[in-house]
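Asks: What follows is a structure written as structure tokens; I'll ask about it next.
There are 2 protein chains.
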Amino acid sequence: MDQRLSGIVLAAAALTFAPHSLSEGPLLGFTADGAARQRAVEAQFDAAVNAANLERWMRRLAAAPNHVGATHTKENAEWIAEQFRTWGYDVTIDTFHVLFPTPTERAVELLAPTQFRAVLREPTIPEDRTSGIVEGRLPPYNAYSADGDVTAELVYVNYGIPEDYEELERRGVSVEGKIVIARYGASWRGIKPKVAAEHGAVACILYSDPFNDGYRQGDVYPGGAWRMAAGVQRGSVVDMPTYPGDPLTPFRGATRDADRLARSESATLMKIPVLPISYADAQPLLDALGGPVAPSGWRGGLPITYHIGPGPATVRIKLAFDWRLEPVYNVIATLAGTVAPDQWVVRGNHHDAWVFGAADPMSGMVALMEEARVVGELARAGWRPGRTVVYAAWDAEEPGLLGSTEWVEHYAQELDEKAVAYLNTDSNFRGFLNVGGSHTLERFVNQVARDVTDPQTDVSVWQRLHARERVAHGEADAPVDLRIDALGSGSDYTAFLQHLAIPSLMVNFGGEGGGGSYHSIFDSFDHYARFGDPRFAYGVALVQTMGRMTLRLANAEVLPLRFGNLAETLSGYVDEVVKLADDMRAQTERSNALVTDGAYRLAADPVEPYVPPSLEEAVPYINMAPLQNASARLAKAAARYDALLEQRMATDGVSRADADRLNGILARAERALRDDAGLPRRPWFRHTVYAPGFYTGYGVKTLPGLREGIEQRQWQEAEDQMLRAAAAVERMAAVVVQCVEVLTKTD
Amino acid sequence: MDQRLSGIVLAAAALTFAPHSLSEGPLLGFTADGAARQRAVEAQFDAAVNAANLERWMRRLAAAPNHVGATHTKENAEWIAEQFRTWGYDVTIDTFHVLFPTPTERAVELLAPTQFRAVLREPTIPEDRTSGIVEGRLPPYNAYSADGDVTAELVYVNYGIPEDYEELERRGVSVEGKIVIARYGASWRGIKPKVAAEHGAVACILYSDPFNDGYRQGDVYPGGAWRMAAGVQRGSVVDMPTYPGDPLTPFRGATRDADRLARSESATLMKIPVLPISYADAQPLLDALGGPVAPSGWRGGLPITYHIGPGPATVRIKLAFDWRLEPVYNVIATLAGTVAPDQWVVRGNHHDAWVFGAADPMSGMVALMEEARVVGELARAGWRPGRTVVYAAWDAEEPGLLGSTEWVEHYAQELDEKAVAYLNTDSNFRGFLNVGGSHTLERFVNQVARDVTDPQTDVSVWQRLHARERVAHGEADAPVDLRIDALGSGSDYTAFLQHLAIPSLMVNFGGEGGGGSYHSIFDSFDHYARFGDPRFAYGVALVQTMGRMTLRLANAEVLPLRFGNLAETLSGYVDEVVKLADDMRAQTERSNALVTDGAYRLAADPVEPYVPPSLEEAVPYINMAPLQNASARLAKAAARYDALLEQRMATDGVSRADADRLNGILARAERALRDDAGLPRRPWFRHTVYAPGFYTGYGVKTLPGLREGIEQRQWQEAEDQMLRAAAAVERMAAVVVQCVEVLTKTD
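Read top to bottom, the protein sequences are chains F and H.
For the first sequence, numbering that gives the first Met the number 0 assigns the number 0 to the initial residue and increments by one for each residue that follows.
For the second sequence, numbering that gives the first Met the number 0 assigns the number 0 to the initial residue and increments by one for each residue that follows.
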């Protein structure tokens, strides 16, 4: 489900770099001997990886529609399970039963001032072999849209995010009782109809503007990789920032006989009808709008003057869905650990798709399979993991992370006890390494990235990424740790990280492949093999990256967490939030002065409709000291622990008993950052440092309770959340102090 | 010729502001009594201004084609002269004879991979009454293009400015032997073919992209104000940054029997064929390009994927011109001063146009005429200016400021002695006050702007502009002087300011009217009356603004220069130039490190053509101390003089003898900033503080010798120019010290 738009591959490159010598240095959590043994295993691992498997498996997995409930989805699950068994894993298919609506009726019509009926269909083209498979395929729609048949004037709302409604307000335009049309981009899609409904809109049309996702980005398919005029982006609009997973079973697994909410009770079903359309279908609707010319930043790539409306364009939208429960098939393959079988390294990728899903999710799925195959081969050759490795192929990620979420909810207690890390992949493309996740794993990620070779340049993937950061962002020349991103939502790590606070990573390559096939029928093998990752070179790099991560986490003598990176990043987040409040305070003062002096009105064009901003409540100073103090304490403890561990592992190592004690603490360390009260109004989200934004969807908000309290001008809530975050960071500092004590005790 | 694109007017505004009370405070250069008398005259002036004249005169002046040499241009000159005579002025028509090529052949054809012949013609539409006047009208072309008939592959070069060629170089694309196509914008048009020719291109096509000037900006004409698909921007491509005016007579007036260069000897004639086309004509050419996809910032608003080429698009361009000399008619109307007849206030606007020119230049021309009419009326009623007022209606501004430049060159010695200020106008639209010019006049401008009422909001035009600056740029709330812009080139102030260093101002209103009629046949009365300045309210505001300026300059007891504003601005320029060198130094170091480490190449997509930057010479530290010291000395003297003058005028004033002495110094003060050696490689430009950029055209470069020396990495030249600028500022400081001495002498 994760979308990375990027460049196009057409020709082979002339490479001129000397092969890099892979690091021989220490590995976090290993003694020198342990590191040497580990690297030997990794060399065996690398040698066994076979790009041809990736290609063959993708061809098979993406051969037919793979949505939830499709015949081919179940066949895939069973076939994947069978492969895992062949490779020596204990395999189960964990089945849940989730609400999954499919459309029975879809219509969008322009009724006035001219008439037009939207096509709502993607074409069959000879250059794309699976595009002709129409049977059993879901048409473009937004899952969990409401049923409805409404006719109203149209309003263009740009990306449909809260700032856009402020612009509308400045122009005196209300969407109350209107149908809005929003372009994809700037937020996760589900935010757009949610915000529209909050403002009183009666329906929402989503479309892919060629400015963001079409000819303005590059040549369109099949000439190039980009979205053609008739291409449509499907996708879920369930309210994932409230909770992901089955809308009817929050907090518990959607087993056959689980207690279920009535649909009317669910907090995550969309309240208004929503439908995605192509830019070919959108152009007549947008062209029929009158009213003010859209602000400069709102104008897309269609050859029209973008107007806001409302009207004269009058639109009818009619949608009906079959609201069935469907089975979802999670394939779970286990290889028991020999040293600490109750410490689990969980490694997952989803297998369901919106249609064929060659890139999303199969490009990641085949890399996970190849990793599992080689790990199985190593195991049969006598190597065994110290910790238990669990491979998961999730179903029903696309409609809202349902497969992984139900599994995590169902096995929450066991996972809370046993899972030491969750490693996620999804779509993968040619390009640069991309990692997001828990900052306790940042050093670990950097070490892995320094040991994997970039297939195009023959330097390490770390070195290539570092070069890009230097060129693009003036990153320091000195080789420090590259930062990993904080995670919001958008793929199957969500329940692990946000609900249980299990250290998680989301990894892929990208930035030089892909284009505009996302969630369309053209996310096909033919498209991927030309534009995604020709010759599956970055599929192999992903196998080598994730294989290292899995094997190192499974085998490290001491779990490879490093708290200094967390402390540094966290302190940066605290500074950001302080600055956010300061900036809002200054901005509020400035804006209130402009309101009072009438300057907004004087600066506006008197012949255009204009409503100046209102006076806003002054931003109070918020006590950040408890959080700042906690952050400082964590930094101090972290510096001590990281240095001690490094020194100890470089010399005589840690005794087995101390390692067990340490690992016992480290395995659950990230839980210190969990607050079981959850975030305000969305208790399912319990990580105090990372959450998807309530109004961004996928986009992360760090220190979310505090940050969103300030952004939403809920000062009391911000104070309360600051204290809860401070308490969490204090707990984390105490955990690190415990680790220090294990390493410094004198008995 | 000055272009200001802006919003659209369709409806009347509901106004809610209380009328402002016009300032009663002191006036720079006047005693309290003098100020009261002056304000009384200004009240009489305001009362006599009649919007109906502006409308009637524009209708007449813009009724037929007004290019150089057209019948109607001469008729207009004679009619304007006649009006001035009627109003009591001494009038002459000063005639020069300049090179003015007009096209005899124009063709652009796409020969491969598909075929298309450009239309090169603007349509007649019923909504625009003059659009049907085809007889005697010049077709779209670029004046001073070379003749030629060339066929070559096409390359898209974005705006065609030097940075764009760096991007091309990164992609390994050369324009050597190619035809380039560049979109209008980001520089004066003449820069584009000049830079193309420097890079070896054999011809240049210019077009208006709808992203900048078409449907993406707003509804197109006649539905809205913006440029329609078939609209074309004409214009000159003579190398004005080298010298403006007649290409054959630099430094001297193009009188009938002047010494003339051969065309082959002229430094300002374009070396390759250039032609402007519409976006309707450009689309097939651009769509036929292959090669790399254009970088994101290069993509315009056409519904295509922008590629760079070269080819496969192959284009033929054929141009031939009739290289005639044409007479140009400058109308000069004089009202002799009673106190200091040898101190001239010159006030000008051009009367020639590319076609009908309702906005450009007639909107400014009719305001100048109405100002002159009312001044004439005041004179007949017994009021007489202290200094001589000279009204000028220039011909041949459009092809390259020819009328005003030849006049200034011809009368250079007399103007150098007598002209105390030059006040220029050109196109005028609904909106905000816009002033550029000599910073010695900045305080003066602020005082005028506080005394003119904005017709839409009833506050002063200063207050409305201040509100906009506060809203848009976070300008301070406190009412300090609003900054005026530095002037580059683009209208008739150029010869006065840049060649002779006569304090000059360029004034207009705009930002809420206009659209995309610039230099097309649709710059018509019908367009202007709907979208430019309905009811001519801002025409009246311009009359009131310029009338005040003329009258105050003519009547001030002491010439109203204030050196503190100059010193402050100049010190800002010095800081900018220091920062420019520092930034270039850091950027060069950083880039050289990236080159050396191979980071550029690692960060680039290996399957796309890519040529990393080369190592660059390190940026030396340049001694700025002489300039900084001079600037500090000027600031100190200025503070003393400004305070002394203010105090003296507020109390007993200045004796007639002292005023004469002071005025004698002040009248020529700005000449201190003139360096008769001129700028490197373009000696015609002699102001050391302001010049049009050699690679921006209209866009100003302040401290131009020094700044361009650094930008062009000519370190020795930068050092030399720093010294010349320092010497000029020292001269200016000495002038101010002289003024202080007049005010402090004890005899």
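C-beta: ideal position from N, C-alpha, C; glycine also.
Going by CA-CA distance only, name the one from H:A335, H:D415 and H:Y410 that's closest to R379 (chain H).
Replies: The residue labelled residue 379 (chain H) in the question sits at position 380 within the second sequence. Checking every option, the nearest Cα to that of R379 (chain H) belongs to H:A335.
Asks: Check the DSSP bridge columns for W393 (chain H) and list the partner residues they point to.
Replies: As a first step, residue 393 (chain H) is located in the second sequence; it is residue number 394 there, counting from the start. W393 (chain H) is bridged to H:H349.
Asks: Do the segment 394-404 of chain F and the segment 347-356 of chain F make contact, defined as three or more Cβ pairs closer than 8 Å?
Replies: Segments in contact, yes.
Asks: Can you give me the Cβ contacts of L661 (chain F) inside the same chain, cut-off strictly under 7 Å, excluding the 5 residues immediately before and after it?
Replies: The residue you call residue 661 (chain F) lines up with position 662 of the first sequence. So the qualifying residues of the chain are V557, V653, C738 and V741.
Asks: Would you mind telling me which residues of chain H sit closer than 9 Å to G230 (chain F), beta carbon to beta carbon, in chain order?
Replies: Taking the first sequence and counting its residues from 1, the one referred to as residue 230 (chain F) is at position 231. Result: empty, since nearest Cβ-Cβ is about 14 Å, beyond 9 Å.
Asks: Buried or exposed: N622 (chain H), going by 16 or more other Cβ atoms within 10 Å of its Cβ?
Replies: Counted from its first residue, the second sequence places residue 622 (chain H) at position 623. Exposed: under 16 other Cβ atoms inside 10 Å.
Asks: Find the nearest neighbour of P272 (chain H) within the set H:C203, H:K193 and H:G356, judged by alpha-carbon distance.
Replies: Within the second sequence, residue 272 (chain H) is the residue found at index 273, counting from 1. Comparing Cα positions, the closest option is H:C203.
Asks: Taking the CB atoms as reference points, tell me whether G692 (chain F) and G487 (chain F) lie closer together than 8 Å.
Replies: What you label residue 692 (chain F) is simply residue 693 of the first sequence in a count that begins at 1. What you label residue 487 (chain F) is simply residue 488 of the first sequence in a count that begins at 1. Yes; because the gap between Cβ atoms is below 8 Å, this pair is in contact.
Asks: List, in order along the chain, the chain F residues whose C-beta lies closer than 8 Å to that of A602 (chain H)?
Replies: As a working mapping, residue 602 (chain H) is identified with position 603 in the second sequence. Simply R463, A466, R467, R469, V470 and A471.
Asks: Which ranges would you report for the beta strand (DSSP E) in the segment 131-213 of chain F if only whole runs of at least 3 residues count?
Replies: As far as the segment 131-213 of chain F is concerned, its whole beta strand (DSSP E) runs of at least 3 residues are 147-155, 178-182 and 202-206.
Asks: Name the chain H residues whose beta carbon is nearer than 7 Å to that of T456 (chain F)?
Replies: As a working note, residue 456 (chain F) is residue 457 in the first sequence. Those are L601 and P605, listed as they occur along chain H.
Asks: In terms of alpha-carbon separation, which member of H:M57, H:A732, H:A371 and H:V736 lies closest to L633 (chain H)?
Replies: To locate residue 633 (chain H), count along the second sequence from 1; it is residue 634. Ranking H:M57, H:A732, H:A371 and H:V736 by Cα distance to L633 (chain H) puts H:A732 first.
Asks: Do the segment 421-430 of chain F and the segment 535-547 of chain F meet, that is, are 3 or more Cβ pairs less than 8 Å apart?
Replies: As far as the Cβ criterion goes, the segment 421-430 of chain F touches the segment 535-547 of chain F, which means the pair count is three or higher.
Asks: So the alpha helix (DSSP H) P625 (chain H) belongs to, where does it begin and stop?
Replies: What you label residue 625 (chain H) is simply residue 626 of the second sequence in a count that begins at 1. Looking at the DSSP string, the run of the alpha helix (DSSP H) that includes P625 (chain H) is A624 to A649.
Asks: Using the beta-carbon count (16 or more within 10 Å), is E413 (chain F) buried or exposed?
Replies: Numbered from 1 along the first sequence, position 414 holds the residue referred to as residue 413 (chain F). With fewer than 16 other Cβ atoms within 10 Å, it is exposed.
Asks: Anyone know if the C-beta pair for F431 (chain H) and S130 (chain H) falls short of 8 Å?
Replies: Here residue 431 (chain H) corresponds to residue number 432 of the second sequence, with the count starting at 1. Here residue 130 (chain H) corresponds to residue number 131 of the second sequence, with the count starting at 1. No, they are not a contact pair.
Asks: Please identify, using Cβ separations under 9 Å, the residues of the segment 308-321 of chain H that lie next to chain F, in order along the chain.
Replies: Of all residues in the segment 308-321 of chain H, none has a Cβ within less than 9 Å of some Cβ in chain F.
Asks: Taking A287 (chain F) as the query, report the chain H residues whose CB atoms sit under 7 Å from its CB, ordered along the chain.
Replies: The count along the first sequence starts at 1 and reaches residue 287 (chain F) at position 288. Those do not exist, as A287 (chain F) stays about 13 Å from chain H at its closest Cβ, beyond 7 Å.
Asks: Check T452 (chain H) in the structure and name its three-state DSSP category.
Replies: For the purposes of this step, residue 452 (chain H) is identified with residue 453 of the second sequence, where counting begins at 1. Of the three classes helix, strand and coil, the one that applies to T452 (chain H) here is strand, per DSSP.
Asks: Tell me the residue span of the alpha helix (DSSP H) that contains L60 (chain F).
Replies: Position 61 of the first sequence, counting from 1, holds the residue named residue 60 (chain F). Start and end: A50 to L60.
Asks: So, under 8 Å CB-CB, I178 (chain H) and A200 (chain H) are touching, yes? Tell me the CB distance rounded to an integer number of Å.
Replies: Residue numbering aside, residue 178 (chain H) sits at position 179 when the second sequence is read from its first letter. Residue numbering aside, residue 200 (chain H) sits at position 201 when the second sequence is read from its first letter. Yes, they are in contact, since the Cβ atoms of I178 (chain H) and A200 (chain H) sit about 7 Å apart, within 8 Å.
Asks: Check this for me: beta carbons of A142 (chain F) and P311 (chain F), under 8 Å apart or not?
Replies: Within the first sequence, residue 142 (chain F) is the residue found at index 143, counting from 1. Within the first sequence, residue 311 (chain F) is the residue found at index 312, counting from 1. For A142 (chain F) and P311 (chain F), no; Cβs fall outside 8 Å.
Asks: Identify each residue in the segment 272-283 of chain F for which the Cβ-Cβ distance to at least one residue of chain H is less than 8 Å, and report them in chain order.
Replies: Listed by position, the residues of the segment 272-283 of chain F near chain H (Cβ gap below 8 Å) amount to none.
Asks: Taking a contact to mean a Cβ-Cβ separation below 8 Å, would you say Y206 (chain F) touches R182 (chain F) in this structure?
Replies: Taking the first sequence and counting its residues from 1, one reaches residue 206 (chain F) at position 207. Taking the first sequence and counting its residues from 1, one reaches residue 182 (chain F) at position 183. Taking 8 Å as the Cβ cut-off, Y206 (chain F) and R182 (chain F) qualify as a contacting pair.
Asks: Going by other Cβ atoms of all chains shown within 10 Å of its Cβ, with 16 needed for buried, is K700 (chain H) buried or exposed?
Replies: Counting from 1 along the second sequence, the entry for residue 700 (chain H) is found at position 701. Buried, since its Cβ has 16 or more Cβ neighbours within 10 Å.
Asks: What residues of chain H sit near L432 (chain F), judged by a beta carbon separation below 8 Å?
Replies: The residue you call residue 432 (chain F) lines up with position 433 of the first sequence. Going along chain H, no residue has its Cβ under 8 Å from L432 (chain F), so there is no contact; the nearest lies around 13 Å.
Asks: Check the DSSP bridge columns for P788 (chain F) and list the partner residues they point to.
Replies: What is shown of chain F runs 0 to 746, which leaves residue 788 (chain F) out entirely.
Asks: With 8 Å set as the bound, which would you pick, yes or no: does the beta-carbon of L593 (chain F) sit closer than that to a beta-carbon of chain H?
Replies: Against the first sequence, residue 593 (chain F) aligns to sequence position 594. Yes, its Cβ sits closer than 8 Å to a Cβ of chain H.
Asks: So the beta strand (DSSP E) F768 (chain H) belongs to, where does it begin and stop?
Replies: Nothing in the structure corresponds to residue 768 (chain H), since chain H is present only between 0 and 746.
Asks: S20 (chain H) CB to nearest chain F CB: under 8 Å?
Replies: Residue 20 (chain H) sits at position 21 when you count from the first residue of the second sequence. For S20 (chain H), the predicted model reports a pLDDT of 47, less than 50, meaning its position is unreliable and no value from the coordinates is stated.
Asks: Would you say A727 (chain F) faces chain H, with C-beta separation under 8 Å as the test?
Replies: Walking along the first sequence from the start, residue 727 (chain F) turns up at place 728. A727 (chain F) does not count as touching chain H.
Asks: In this structure, how does DSSP classify P302 (chain F) when only helix, strand and coil are distinguished?
Replies: Along the first sequence, read from residue 1 onward, the residue named residue 302 (chain F) stands at position 303. In the structure shown, P302 (chain F) sits in coil (DSSP, three-state: anything other than H, G, I, E or B).
Asks: Terminal residues of the continuous beta strand (DSSP E) containing Q548 (chain H)?
Replies: Along the second sequence, one-based indexing puts residue 548 (chain H) at 549. For clarity, residue 548 (chain H) is Met in the given sequence; the question names Gln instead. Where M548 (chain H) is concerned, there is no enclosing beta strand (DSSP E), although the alpha helix (DSSP H) it sits in stretches over A536 to N554.
Asks: Which whole runs of the beta strand (DSSP E) in the segment 257-311 of chain F are 3 residues long or more, in chain order?
Replies: Counting only runs of 3 or more, we get 273-276.
Asks: For the beta strand (DSSP E) that contains F320 (chain H), what are its first and last residues?
Replies: Within the second sequence, numbered from 1, the residue matching residue 320 (chain H) stands at position 321. From DSSP, the beta strand (DSSP E) with F320 (chain H) extends over T313 to L334.
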